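Numbering of the sequence shown is given in this note's numbering, commencing with residue 14 and proceeding in unit increments.
Ideal Cβ positions, reconstructed from N, Cα and C, are used throughout, including at glycine.
Since the model is a prediction, treat every value here as computed from it, not as a measurement.
Remarks on the structure that follows.
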Amino acid sequence: MEKNRNVGFLISTIAFCLVAVVALPLRTYQFLTNIKADETGFFIDPTSPLIYVLYGVIGAGVVISLAAALLYKKELGYDRIAQKRPVQGIIAFLTAVSILYNAAVDLNTILTYSPETSDMTKVSIYVLIAQSVFAVLAAIYFVVFGISMLSGATNASEYKIISVAPVVWFMLRLVFRFTIAISYIKVSDIILDLLMLAFMLIFFMAFAQLNSKVESKGLDWKLVGFGLPAAVLALLCFVPRFLMFVLGRKELIYSGSSADYCDLATALFVMSIIFTRIGWIGGNADDREEALAQAQAQEQAESEEVNG
C-alpha cells in the first residue's frame with residue numbers, strides 16, 4: 014500500500030488545479046459578455062453553452078475530488094501535532110479580520126434596511142442579525158486558533174465549543190440566501206454561492222471534529238474531498254467579482270452578492286490546512302497518533318530499563 018500513499022490527495026489536487034485554471038477565466042469572461050449591466054446579475058442569454066461548460070467543469074471537479082478522497086481515505090490524515098505554524102497563524106488572523114469586516118457590512122445592511130428598496134424580507138434581517146453574532150464568534154475562534162499556531166504550545170483542540178461557530182456562521186449565510194426573493198436560476202452568482210457555502214459548512218464541521226477530537230474517527234478524507242471544492246468555489250465567488258470591481262464594472266455584479274473578502278480568506282485558510290497538515294503525511298490521524306503513542310511508550314520503557 015505504501016506505493017499508493019497519497020494518490021487520493023494527488024488526484025484531488027490535480028482536479029482542484031484544473032478547475033481553477035479553467036473556471037476562473039471562464040467565469041470572468043462570462044461576466045464581461047453574458048451578464049446584464051444593471052446589478053441584477055441576470056444572464057443576457059441563459060441558454061449560452063458556456064454556462065453549461067462552467068457548471069460541467071465544476072461538477073466534474075467536485076465528483077473527482079470527492080471520489081478520490083473517499084477511495085483513498087485510509088491514506089489521508091490530518092496532522093494534530095502541536096507545533097509552531099506561523100503561516101497558518103497569520104492566515105487565521107486575516108480570516109478573523111475579514112469576517113469582522115463582513116459582519117460590519119451586514120450590520121450596515123441591517124441598519125439601512127428598507128422593504129421598499131430591498132430584495133430582503135424581515136426574515137432575512139433576523140437571519141442577518143444571527144449571522145452577525147456568529148461572525149464575531151467565528152472571528153474569535155480564528156484569533157485563538159491563530160495564537161495557538163504562532164505559539165506552538167497547543168493545537169487549539171481545547172476550544173471545542175467555539176470551534177463550531179464558523180460552522181453555524183456558514184449555515185446562516187446559506188440560510189440567508191434562501192430568504193431573498195430572487196431567481197436562483199437567472200442570477201448567475203447565486204448557485205455558486207450556495208455550493209460554496211454548503212461545501213465550506215461540511216469542511217469546517219469535519220475540521221472542528223478532527224481538531225477537537227470529537228467523534229473524529231474516519232473524517233480526515235472530508236477535509237480534502239469537501240475542502241478543495243469549497244476553496245475553488247470560494248475563489249470563483251471572489252476573484253471574478255473583485256476583478257469587475259477593479260475594472261470599474263460594478264454594474265455587472267448582483268447587488269446582493271458582492272466580492273466578500275471573507276470568501277478569499279476562508280479559501281486560503283482551507284488550503285493552508287489541506288496542503289500543510291493533510292497532503293503528504295499519510296495515514297489516518299487516529300491510527301497515526303496511536304502508533305506515535307505506542308512508540309513513545311516503548312521508548313520510555315527502554316529508557317527506564319537502561320537507567321534501572
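Unbroken alpha helix (DSSP H) run spanning Q43, endpoints: The residue given as residue 43 occupies position 30 in the sequence shown. Taken as a continuous stretch (DSSP letters only), the alpha helix (DSSP H) holding Q43 covers V20 to N47.
Chain-order list of residues whose beta-carbon lies under 7 Å from that of D206 (same chain, five-residue window excluded): Here the question's residue 206 lines up with position 193 in the sequence shown. The beta carbon of D206 sits closer than 7 Å to the beta carbons of R190, C250 and S270 from its chain, once the five residues preceding and following it are set aside; these are given in chain order.
Pick from L277, D233, S268 and Q222 that is closest to V252, judged by C-alpha positions: The residue given as residue 252 occupies position 239 in the sequence shown. It is L277.
Beta-carbon proximity list for R40, same chain, < 7 Å, skipping 5 on both sides: Along the sequence shown, read from residue 1 onward, the residue named residue 40 stands at position 27. Closer than 7 Å at the Cβ level, and outside the excluded window around R40, lie L67, L249 and P253.
Three CB pairs or more closer than 8 Å across the region 214–233 and the region 173–182: Yes, they touch.
Three-state secondary structure assigned by DSSP to F217: Translated into positions along the sequence shown, residue 217 becomes position 204. Three-state result, F217: helix.
Buried or exposed (CB count within 10 angstroms, at least 16 for buried), V259: Looking up residue 259 in the sequence shown gives position 246. Around the C-beta of V259, fewer than 16 other C-beta atoms lie within 10 Å, and the residue is accordingly described as exposed.
Reduced DSSP category for F239 - H, G, I as helix; E, B as strand; rest coil: Within the sequence shown, the letter at position 226 stands for residue 239. Here F239 sits in coil by DSSP.
Same chain only: Cβ atoms within 6 Å of G102, ignoring 5 sequence neighbours per side: Residue mapping note: residue 102 aligns to position 89 of the sequence shown, counting from 1. If we look at G102 and ignore the five residues flanking it on each side, its Cβ neighbours are G159, M162 and L163.
Exposure label - P128; buried when at least 16 CB within 10 Å: Against the sequence shown, residue 128 aligns to sequence position 115. Exposed, by the Cβ-count rule.
Pairwise C-alpha distance: A81 and I27: Counting from 1 along the sequence shown, the entry for residue 27 is found at position 14. Counting from 1 along the sequence shown, the entry for residue 81 is found at position 68. Each residue's CA atom was taken as its position, placing I27 and A81 some 11 Å apart.
Beta-carbon proximity check, V32 vs V70, cutoff 8 Å: The residue labelled residue 32 in the question sits at position 19 within the sequence shown. The residue labelled residue 70 in the question sits at position 57 within the sequence shown. Contact: yes.
Contact under 8 Å by Cβ, A95 with G21: Looking up residue 95 in the sequence shown gives position 82. Looking up residue 21 in the sequence shown gives position 8. The Cβ-Cβ distance between A95 and G21 does not fall below 8 Å.
Alpha carbon of Q43 to alpha carbon of V237, nearest angstrom: By 1-based counting over the sequence shown, the position of residue 43 is 30. By 1-based counting over the sequence shown, the position of residue 237 is 224. Spanning the two alpha carbons is a distance of roughly 28 Å.
Separation of I174 from D119, as counted between CA atoms: In the sequence shown, residue 119 corresponds to position 106, counting from 1. In the sequence shown, residue 174 corresponds to position 161, counting from 1. The alpha-carbon atoms of D119 and I174 are separated by roughly 24 Å.
I294 versus R262: straight-line alpha-carbon distance, rounded: The residue given as residue 294 occupies position 281 in the sequence shown. The residue given as residue 262 occupies position 249 in the sequence shown. Only weak support is given to the placement of I294: the predicted model assigns it a pLDDT of 49, under 50, and the value that follows is read from those uncertain coordinates. Looking at the two C-alpha atoms, the distance is approximately 44 Å.
Buried versus exposed call for E12 [16 or more other C-beta atoms within 10 Å across all chains shown]: The requested residue 12 does not occur in the structure, where the chain is confined to residues 14 to 321.
Span of the alpha helix (DSSP H), counted from its first residue to its last, around M184: Within the sequence shown, residue 184 is the residue found at index 171, counting from 1. Residues A178 to F191.
Per-residue burial, T108 [other beta carbons within 10 Å of its own, 16 or more giving buried]: Numbered from 1 along the sequence shown, position 95 holds the residue referred to as residue 108. Its Cβ being crowded by 16 or more others within 10 Å, T108 is buried.
Alpha helix (DSSP H) segments (min. 4 residues) lying fully within the region 91–143: Note on the region 91–143: whole alpha helix (DSSP H) runs with a minimum of 4 residues are 99–124, in chain order.
Supposed contact pair I48 and S201 - C-beta distance, whole angstroms, cut 8 Å: By 1-based counting over the sequence shown, the position of residue 201 is 188. By 1-based counting over the sequence shown, the position of residue 48 is 35. Confirmed, about 6 Å.
Whole-Å CB distance - I12 paired with F239, under 8 Å assumed: Because residue 12 is not part of the residues shown, which for the chain are 14 to 321, the question remains open.
Span of the alpha helix (DSSP H), counted from its first residue to its last, around V227: Along the sequence shown, one-based indexing puts residue 227 at 214. For V227, no alpha helix (DSSP H) encloses it, and the DSSP letter there is neither H nor E.
Contact belief for L113 with A152 at Cβ below 8 Å, rounded distance in angstroms: Taking the first residue of the sequence shown as 1, we reach residue 113 at position 100. Taking the first residue of the sequence shown as 1, we reach residue 152 at position 139. That belief holds up - the Cβ atoms of L113 and A152 are roughly 5 Å apart, short of 8 Å.
Supposed close pair F255, A244 - CB separation, criterion 8 Å: Position 242 of the sequence shown, counting from 1, holds the residue named residue 255. Position 231 of the sequence shown, counting from 1, holds the residue named residue 244. With a Cβ gap of about 16 Å, F255 and A244 do not count as contacting.
Neighbourhood of C275 by C-beta distance below 6 Å, restricted to the same chain and skipping five residues each side: The residue labelled residue 275 in the question sits at position 262 within the sequence shown. S111, I112 and N115, listed in sequence order.
CB-CB length for T125 against A194, believed under 8 Å: The residue given as residue 125 occupies position 112 in the sequence shown. The residue given as residue 194 occupies position 181 in the sequence shown. About 18 Å separates the two Cβ atoms, so there is no contact after all.
Whole runs of the alpha helix (DSSP H) within the region 252–297, excluding any shorter than 4 residues: As far as the region 252–297 is concerned, its whole alpha helix (DSSP H) runs of at least 4 residues are 274–290.
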